[in-house]
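Take the sequence shown: its letter number 211 is residue 211 in UniProt numbering, and every next letter is one higher.
A virtual CB, placed ideally from N, CA and C, is assigned to each residue, including glycine.
In this text the structure is predicted, and so the values were computed from the model without any measurement.
Notes for the one structure printed next.
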Amino acid sequence: MPPTKQLKLSDTAKMKKSERRKEIQDGDETPNISDGQSDCESSSSKYPEAPVTERSLHRMLQELRATITADFHRINGDLRKEISNIGDRTSNLENKTDELCVAHNEVVDKIQKLSEENSSLKSKLADMEDRSRRQNVRFRGIPDDISQDALPAHILSICKALVPGLPDSAWAYDRMHRLPKPARISAELITTWGLWNGSPTHLDTTEQASPRRLQEDWQMAKSPAKIP
């Protein structure tokens, strides 16, 4: 059996270099500490360390100031834009509020008008109900200076003078109020008759005629009758 051939050191080094080259081509290269150290050495050689001088410090401060100023102007511009947008939106809201206020006032005026019309209709309806009742009695010639609160006592005194002897319970009433005045009232007419001489015929006709009127002391008085 022939003896195995011993590998030389130079052959071993060549094999390692070929394997390393193959790994680099395959993309499976692992970082090497020596490579990092070489990079640091190259960067340090490119930017050599030097003591900070007044000029370099002044230059760095100027650069920092310029950067801060640029940032400030940018932020200030953004704030101005936002404030302008807020002002526009506020103006639109104020315009909408004014429109709502005008619409609200119109609604309030219409409600007030409808309320007044409703009150007028209710009053007219109550008046129609009063007119349709058969137990109504209409009084004419009641002075207008008598207030609404004093009307019941005034009317009851007239009724008691017309029909004395009835108890107070007989004069119970449901309601009592004034009717609206007519739009046009005819003027009174006075006629002097040439043949009126106070004869018994005329007096008898006057005695039997109606209606009658009241004097100031609420006593019955004779009223002239219409001559046919």
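If you draw a straight line from the Cα of residue 141 to the Cα of residue 155, it is about 11 Å long. By the Cβ rule, the segment 170 to 184 counts as touching the segment 138 to 153, because three or more pairs are nearer than 8 Å. Here DSSP, grouped into helix, strand and coil, assigns residue 113 to helix. The DSSP-derived three-state label of residue 139 is coil. Assigned with DSSP and collapsed to three states, residue 160 falls in helix.
Leaving aside the five residues that flank residue 144 on each side, none in its chain has a CB nearer than 7 Å to its CB.
Rounded to whole angstroms, the separation of the alpha carbons of residue 87 and residue 58 is 43 Å. Shown here, residue 51 sits in coil according to DSSP, grouped into three states, outside any helix or strand.
Residue 165 sits in coil when the DSSP states are folded into three classes, being neither helix nor strand.
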